[in-house]
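Chains as they are written, first to last, in UniProt numbering: chain A, 1 to 206; chain B, 1 to 206; chain C, 1 to 206; chain D, 1 to 206.
Let me begin by presenting the structure, written as structure tokens, before commenting on it.
Protein chains: 4
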Amino acid sequence: MRSENQSSGQKSRSFIEEARRAQIIASAVEVIAEVGFAQASLARIAQHAGISKGVISYHFAGKEELMEEVVNSVYGEIAAHVMARVEGVEGPTALLRTHILAVTEHMRDHRTRLKALGEIFYNLRTADGQPRYGVKANEELYQAMEQIYAYGQRTGEFRDFDRRVMAVTHSSAIDNMFAYWVANPDHDLDAHAAELADLFERACRR
Amino acid sequence: MRSENQSSGQKSRSFIEEARRAQIIASAVEVIAEVGFAQASLARIAQHAGISKGVISYHFAGKEELMEEVVNSVYGEIAAHVMARVEGVEGPTALLRTHILAVTEHMRDHRTRLKALGEIFYNLRTADGQPRYGVKANEELYQAMEQIYAYGQRTGEFRDFDRRVMAVTHSSAIDNMFAYWVANPDHDLDAHAAELADLFERACRR
Amino acid sequence: MRSENQSSGQKSRSFIEEARRAQIIASAVEVIAEVGFAQASLARIAQHAGISKGVISYHFAGKEELMEEVVNSVYGEIAAHVMARVEGVEGPTALLRTHILAVTEHMRDHRTRLKALGEIFYNLRTADGQPRYGVKANEELYQAMEQIYAYGQRTGEFRDFDRRVMAVTHSSAIDNMFAYWVANPDHDLDAHAAELADLFERACRR
Amino acid sequence: MRSENQSSGQKSRSFIEEARRAQIIASAVEVIAEVGFAQASLARIAQHAGISKGVISYHFAGKEELMEEVVNSVYGEIAAHVMARVEGVEGPTALLRTHILAVTEHMRDHRTRLKALGEIFYNLRTADGQPRYGVKANEELYQAMEQIYAYGQRTGEFRDFDRRVMAVTHSSAIDNMFAYWVANPDHDLDAHAAELADLFERACRR
DNA sequence: AATGAATGAGTGTTCATTCAT
DNA sequence: GATGAATGAACACTCATTCAT
């Protein structure tokens with residue numbers, strides 16, 4: 001989302017620096033996904049990347065910035081994937097289904113990244129102890145979903161429900177489908193997604 | 001060694017000890033709810049309770065035992081409340097609504113307790129690094145919910161959906177309603193619950 | 001060794017108090033022998049005795065006094081036993097043999113007590129960090145042994161060696177026979193003692 | 001990953017790291033010798049070395065590793081010294097004398113190191129509470145001594161005694177000579193050693 | 001005479017961060 | 001750019017001791 005010209009006092013980063021940052025972010029993702037946020041110390045992340053601990057501090061202002069960059073990185077990927085899949089789909093019901101299935105698709109292929117994302121979302125706190133993300137950070141996502149519902153209500157395909165409640169529920173259903181699948185790897189993710197699509201179609205329709 | 005209600009080998013606890021344990025558990029709940037699991041050190045819990053750090057170690061075998069007792073305490077409360085509300089309710093649809101509304105009711109009055117419960121559930125790990133609870137610990141809850149769905153499917157009121165998917169979704173919807181409400185205290189919890197009841201009624205019915 | 005009248009400002013101890021002290025000392029002996037001095041906390045000693053931790057503090061000024069009483073108690077026993085065995089024995093060589101054999105005899109029957117004694121001797125330190133016993137505490141023992149050697153040298157049965165060196169060596173040989181036996185319970189203690197008697201007889205004789 | 005003298009999987013240690021390790025080991029030796037094993041906390045060792053507590057944890061995996069390194073370091077020294085002195089000595093009697101005198105020589109110059117060695121030997125326990133060294137750890141030493149005795153018995157210079165008893169006694173005589181000297185610094189160590197040599201020569205000879 | 005509760009200093013260990021090289 | 005060394009605060013936990021009951 002950064003503008004191409006790197007304006008506004010933002011120092012431009014060299015290619016090599018970007019590569020290092022990417023490497024560290026990737027290592028952080030893997031470590032967090034494997035051992036959980038609390039056990040993901042900088043030492044562990046550095047060791048996993050095969051670099052010195054100091055490098056992380058050199059490239060990131062602190063642990064918090066590293067974590068935020070992980071979130072940005074992973075979040076960007078998933079948004080891009082869903083955007084691409086949803087493009088051109090017509091009608092609110094189809095949109096709803098497509099959204100669920102697209103996210104699921106991405107989950108299947110990026111399990112680790114999403115696991116790490118969830119860990120950080122849930123656990124990262126700012127210096128003053130407040131959750132850095134938390135439910136509030138989903139606001140953007142909720143608004144995107146609400147647009148789909150509003151569209152459906154406008155066309156008359158959807159009944160007159162509370163769009164925020166539906167968005168929160170929809171979002172949580174997907175998050176937990178993922179968590180359940182991570183905990184039970186034999187669980188049939190695609191079947192779960194299909195069930196979910198049915199469920200929300202019925203919940204929404206007139 | 002006391003009397004009839006002392007099971008074998010279980011050391012009896014004095015009244016004063018029970019009181020202290022309860023006080024410490026309450027303090028732990030408040031601290032966890034406020035600053036999160038990771039920041040809830042024994043020092044902080046003790047300070048919040050206005051007691052010395054050692055007292056906690058004196059009354060609990062370790063941090064793990066304290067956390068487990070918090071879980072037992074809070075989990076017991078909520079189960080008791082829901083059981084009581086659900087008793088005597090007839091028919092799967094009514095059961096479904098009642099369950100959602102009963103849990104919501106309890107949430108309104110025990111916000112911090114439930115917040116703490118969630119934190120521990122999500123974060124507590126055993127000495128070997130494995131999650132102490134985690135999604136798998138919901139198994140019992142899922143099975144209880146599946147019984148309601150099976151009942152509805154038997155009577156023909158409910159359609160033929162995957163009961164496990166519904167249970168996971170249902171459970172996550174309630175958890176996140178709570179989380180959303182904690183993050184947005186002005187949010188109308190009761191209206192949210194009513195919407196949720198509608199949503200799942202529609203998702204389940206034939 | 002206390003005079004029968006309990007004079008000199010020393011408060012007399014009731015029968016029940018003496019019994020408790022003896023019980024605590026016995027428990028301390030067993031715990032120290034089993035887990036070593038460093039792991040022998042008051043809590044452990046109290047638990048082993050089936051009493052409350054506070055009782056120990058009530059009956060003894062502190063851990064140091066308890067340890068000293070253990071030493072007095074065990075040391076007294078062994079001295080009494082050897083004294084009795086040695087009485088009436090004639091000639092320095094016979095005296096030497098008898099001493100070694102008498103101590104060994106006592107060891108066989110009071111393994112735990114002697115183990116505890118050794119632990120305290122080696123580990124107990126005063127508040128200022130100095131060893132409470134240590135080699136110096138053997139002075140009394142060394143002098144007793146030196147009397148036997150002097151006797152033998154006077155009669156001409158023993159050659160003209162340094163009596164202090166012999167006493168230190170003799171004493172250490174017995175201590176380590178014991179330690180070796182504790183570490184290797186199948187070791188033949190009596191055979192070891194007999195060998196030791198031969199060894200010192202040859203080392204001493206003209 | 002450095003060069004030829006790096007065996008497989010063994011991380012190479014920088015010069016500066018080796019220096020720090022050596023400094024910490026030296027500090028540990030001094031502190032243990034002065035205040036005893038039990039009082040030798042990492043905090044004390046760090047303070048004595050004029051460094052932060054964390055440095056020790058940085059350079060050693062834990063207290064146990066530090067202690068083992070102290071043992072290795074000191075034990076290696078003494079073994080090397082005795083080996084060098086004993087080399088080329090002919091005949092069991094001369095070997096016996098040389099061994100005693102060589103060890104004594106080393107003691108005179110490395111008092112604190114040997115004191116620390118003894119403390120660790122006697123006190124260090126593994127995580128499960130078992131002695132890390134203890135009498136059994138002398139096995140190697142005993143076997144070395146037994147070879148000297150067997151040699152003397154083969155040549156006929158030594159009588160037919162139990163070699164294990166002699167080894168235990170010999171070893172303990174030297175240990176206690178040292179302990180006695182530490183407790184009584186004015187004691188004439190060389191004279192003691194000479195007496196000991198006589199003593200064991202007479203105890204062994206036909 | 002005995003207890004159980006509480007204390008507070010001390011333990012080894014972990015970790016994000018800093019900094020000279 | 002990168003490193004490894006060092007820091008110091010924080011962690012859970014242990015323990016001898018004190019004290020009201």
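Glycine included, C-beta positions come from ideal geometry on N, C-alpha and C.
In the DSSP assignment, the alpha helix (DSSP H) including residue i goes from what residue to what residue?
{"i": "A/P131", "result": "Premise fails: A/P131 is in no alpha helix (DSSP H) and is neither H nor E."}
{"i": "D/F15", "result": "15-35"}
{"i": "C/A137", "result": "Careful: C/A137 lies outside any alpha helix (DSSP H) and carries neither H nor E."}
{"i": "C/A167", "result": "163-183"}
{"i": "B/D186", "result": "Counting along the chain, B/D186 falls outside any alpha helix (DSSP H), and DSSP gives it neither H nor E."}
{"i": "A/A94", "result": "92-109"}
Smallest Cα separation from residue i: which of the options?
{"i": "A/T104", "options": "A/C204, A/A183, A/I174", "result": "A/I174"}
{"i": "B/V182", "options": "A/K136, A/R159, A/G36", "result": "A/K136"}
{"i": "D/G54", "options": "D/V86, D/Y142, D/A94, D/R21", "result": "D/R21"}
{"i": "B/A179", "options": "A/A80, A/E30, A/V71, A/Y133", "result": "A/Y133"}
{"i": "B/F37", "options": "B/T126, B/I148, B/M67", "result": "B/M67"}
{"i": "C/E139", "options": "C/V165, C/G152, C/E77, C/F15", "result": "C/V165"}
{"i": "C/R113", "options": "C/S73, C/D128, C/Q39, C/A46", "result": "C/S73"}
{"i": "A/E34", "options": "A/A116, A/R13, A/L42, A/H81", "result": "A/A116"}
{"i": "D/E30", "options": "D/H59, D/R85, D/H110", "result": "D/H110"}
{"i": "A/G156", "options": "A/Q143, A/L189, A/G91", "result": "A/G91"}
{"i": "D/D141", "options": "D/F60, D/Q23, D/G76", "result": "Note that residue 141 of chain D corresponds to Leu in the displayed sequence, not to Asp. Answer by Cα proximity: D/G76."}
{"i": "C/G203", "options": "C/M177, C/I25, C/R163, C/A191", "result": "Just to set this straight, residue 203 of chain C is Ala in the shown sequence, not Gly. Cα-wise, what sits closest to C/A203 is C/R163."}
{"i": "D/M177", "options": "D/Q147, D/A197, D/D160, D/H48", "result": "D/A197"}
{"i": "D/S14", "options": "D/H59, D/A84, D/A26", "result": "D/H59"}
{"i": "A/R108", "options": "A/I25, A/N184, A/I56, A/D190", "result": "A/D190"}
{"i": "C/A194", "options": "C/Q147, C/E18, C/R205, C/L101", "result": "C/L101"}
{"i": "B/K169", "options": "A/L199, A/F158, A/D188", "result": "Rather than Lys, the amino acid found at residue 169 of chain B in this sequence is Thr. Checking every option, the nearest Cα to that of B/T169 belongs to A/L199."}
{"i": "B/E119", "options": "B/A127, B/P185, B/Q39, B/S52", "result": "B/Q39"}
{"i": "B/G62", "options": "B/A43, B/Q47, B/G50, B/A79", "result": "B/A43"}
{"i": "B/M145", "options": "B/V86, B/N184, B/P131", "result": "B/V86"}
For residue i, which beta-bridge partners are listed by DSSP?
{"i": "B/R205", "result": "B/F158"}
{"i": "A/R125", "result": "A/P131"}
Does DSSP put residue i in a helix, in a strand, or in coil?
{"i": "B/R85", "result": "helix"}
{"i": "residue 207 of chain A", "result": "For residue 207 of chain A there is no data in the structure shown, the boundaries of chain A being 1 and 206."}
{"i": "D/H48", "result": "helix"}
{"i": "C/A197", "result": "helix"}
{"i": "C/S73", "result": "helix"}
{"i": "B/A38", "result": "coil"}
Considering only heavy atoms of the ligand ZN, does any lie closer than 7 Å to the CB of residue i?
{"i": "C/V135", "result": "Among the ligands in the structure shown, none appear at all, so the ligand ZN cannot be discussed."}
Self-check item: Residues, ordered as in the chain, of the UniProt domain "HTH tetR-type" (18-78) of chain A that lie near chain B by beta-carbon distance below 9 Å
Solution: V35, G36, F37, A38, Q39
Quiz item: Between the stretch 76-97 of chain D and chain C, which residues of the former have CB atoms less than 9 Å from a CB of the latter, in chain order?
Solution: Taking 9 Å as the upper bound on Cβ-Cβ separation, chain C lies near no residue of the stretch 76-97 of chain D.
Exercise. May I ask you to list, following chain order, the residues of the stretch 133-163 of chain D that have a beta carbon less than 7 Å from some beta carbon of chain C?
Key: G134, V135, K136, F161, D162
Quiz item: In chain order, what residues of the stretch 170-181 of chain B put their CB closer than 8 Å to some CB of chain A?
Solution: Those would be S171, S172, A173, D175, N176, M177, A179, Y180, in chain order.
Quiz prompt | Residues of the stretch 99-112 of chain C whose Cβ lies closer than 9 Å to any Cβ of chain D, in chain order | solution = none
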